[in-house]
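Q: Numbering (our numbering), first residue to last: 3 to 386.
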């Protein structure tokens, strides 16, 4: 019987991002295929130095931690399955039903603008403003995550605020049982796709990676590596890095891999039998068979590329939350065709954002039937 590969894995205490729990679950689920030894070190800096010195084979961390450390001599050897990247609203009611003029605490600039796009009457406070308003004696710089969560939940129970928005990792640390409402893309309710506000996630959320020294035999981790997460990160990170610094914190990016049938089930409910659904240069034609289920039966054209799709969602939200730009691109996974689609999307983002930021000069030619102020100079449609 062949011996199981021995892997020494380093971890750090929970950073409220879900990494620690996910790597523990991965070790339990794969212990029949690997001989694991897991060691916890107190700080990420210590763990990185220990890995570089050869004290272990792998170190688990989030992708944001990978970007922040000195990773010279290190490499990403495997991606675990992506965790749910959406954030949650902790409140008694869904965002639609919060009291008029309600107070919500949110530290994420993008999500603050997204929630105001949905409910412009709400008052959104960041953590610093919340503490200075209700708990001036608390030092915002020294408060830890557990104290922050306890303070937010107590304030909600006492009626000082109506809710607060946090990451799923932080939500998992709340000791009491509370209601949460996912601020997502409403994929489970396609009939409401164009009726409810979307919350495209902040970039690079939910990725957990296993880091090794350069030269580690990556094929050893094939069973652990999630190829879909690896591809989605590559696409999402390319788009994120192409953005200017002022766009990065107000842009939502989410990339996922979907089966073609799943995409069709989502959209076929929104269209009539007389329409054809176009994906790129290919068409899906309604079935000629007339029955009660005819609107959900589709025959793909012969030119249709089979296999899963890479779905890319992007949005940028203006400072007043009244203007936003959303771009969606769906590309085949086959033969890395999505890579070209990603590059096209990056070009489209730059062109469209520049166009929306551009100021319009006064029109010299008056157009009959339009008001006089139509010809006046105007500022750009999108304000960052």
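Yeah, the Cβ is synthetic: ideal placement off N, Cα and C, and Gly gets one too.
Quantities reported herein were computed from a predicted structural model and do not represent experimental measurements.
Mark residue 116 as exposed unless 16 or more other C-beta atoms lie within 10 angstroms of its C-beta, in which case mark it buried.
A: Buried: at least 16 other Cβ atoms inside 10 Å.
Q: Classify residue 400 as buried or exposed, calling it buried when 16 or more other Cβ atoms lie within 10 Å of its own Cβ.
A: With the chain covering 3 to 386 only, the question about residue 400 has no answer from this structure.
Q: Which class does residue 329 belong to by DSSP, given the choice of helix, strand or coil?
A: Strand at residue 329.
Q: Just to confirm my understanding: we take residue 195, look at its own chain, exclude 5 residues before and 5 after, and list those with CB closer than 6 angstroms. What are they?
A: Any reading at residue 195 needs caution, since the residue's pLDDT is 48, under 50, leaving its predicted position unreliable; the model's value is listed next. So the list is empty, once near-sequence residues are dropped.
Q: Who are the near neighbours of residue 24 in its chain, counting only those whose CB is closer than 7 angstroms to its CB and skipping five residues on each side?
A: So the list reads 82, 85, 210, once near-sequence residues are dropped.
Q: So, are the CB atoms of residue 66 and residue 226 less than 8 angstroms apart?
A: No, Cβ-Cβ distance for residue 66 and residue 226 is not below 8 angstroms.
Q: Are the stretch 102-109 and the stretch 120-131 in contact at 8 angstroms, needing three or more beta carbon pairs?
A: Touching, yes.
Q: My understanding is that residue 167 touches residue 89, with C-beta atoms under 8 angstroms, so please give their C-beta distance in whole angstroms.
A: Sure, about 6 angstroms apart at Cβ, within 8 angstroms.
Q: Can you find the residues in the same chain that come closer than 6 angstroms, C-beta to C-beta, to residue 147, ignoring five residues on each side of it along the sequence?
A: If we look at residue 147 and ignore the five residues flanking it on each side, its Cβ neighbours are 18.
Q: When we look at the beta-carbon of residue 371 and count the other beta-carbons within 10 Å, is it buried (16 or more) or exposed?
A: It counts as exposed.
Q: Would you mind working out which of 213, 223, 333, 56 sits nearest residue 261, comparing C-alpha positions?
A: Ranking 213, 223, 333, 56 by Cα distance to residue 261 puts 333 first.
Q: Please report the distance separating the alpha-carbon of residue 155 from that of residue 220.
A: Straight-line Cα distance between these residues: approximately 44 angstroms.
Q: So does the stretch 181-188 actually touch the stretch 125-133, counting three or more Cβ pairs closer than 8 angstroms?
A: Touching, no.
Q: Residues in its own chain within less than 6 angstroms of residue 257 by CB, not counting five upstream and five downstream?
A: So the qualifying residues of the chain are 234, 237, 238, 314.
Q: So the alpha helix (DSSP H) residue 243 belongs to, where does it begin and stop?
A: Element bounds for residue 243: 229-244.
Q: What runs of the alpha helix (DSSP H), each 4 residues or longer, lie entirely inside the stretch 85-137?
A: For the stretch 85-137, whole alpha helix (DSSP H) runs of length 4 or above, ordered along the chain, are 111-120, 129-136.
Q: What does residue 362 pair with, by DSSP beta-bridge criteria?
A: Paired residue(s): 380.
Q: Can the beta-carbon of residue 11 be found less than 8 angstroms from the beta-carbon of residue 60?
A: Yes, the pair counts as a contact, with Cβ atoms nearer than the cut-off.
Q: For the candidate residues 212, 206, 114, whose alpha-carbon lies nearest to that of residue 165?
A: Checked all of 212, 206, 114; the closest Cα to residue 165 is 114.
Q: Using the Cα positions of residue 74 and residue 48, report the straight-line distance between them to the nearest angstrom.
A: C-alpha separation (whole angstroms): 15 angstroms.
Q: What first and last residue would you give for the beta strand (DSSP E) that runs through residue 78?
A: 76-81 is the extent of the beta strand (DSSP E) around residue 78.
Q: Decide if residue 28 is buried, meaning its Cβ has at least 16 other Cβ atoms within 10 Å, or exposed.
A: With 16 or more other Cβ atoms within 10 Å, it is buried.
Q: Going by C-alpha distance, which of 317, 365, 344 is nearest residue 376?
A: Here the closest residue by C-alpha is 365.
Q: Where DSSP assigns a beta bridge to residue 165, which residues make up the other side?
A: Answer by DSSP bridge pairing, in chain order: 106.
Q: Pick out whichever of 214, 109, 177 has its Cα sitting closest to the Cα of residue 91.
A: If we check each option's Cα against that of residue 91, 109 comes out closest.
Q: Per DSSP, what kind of secondary structure is residue 150 in: helix, strand or coil?
A: In this structure, residue 150 counts as helix in the three-state DSSP scheme.
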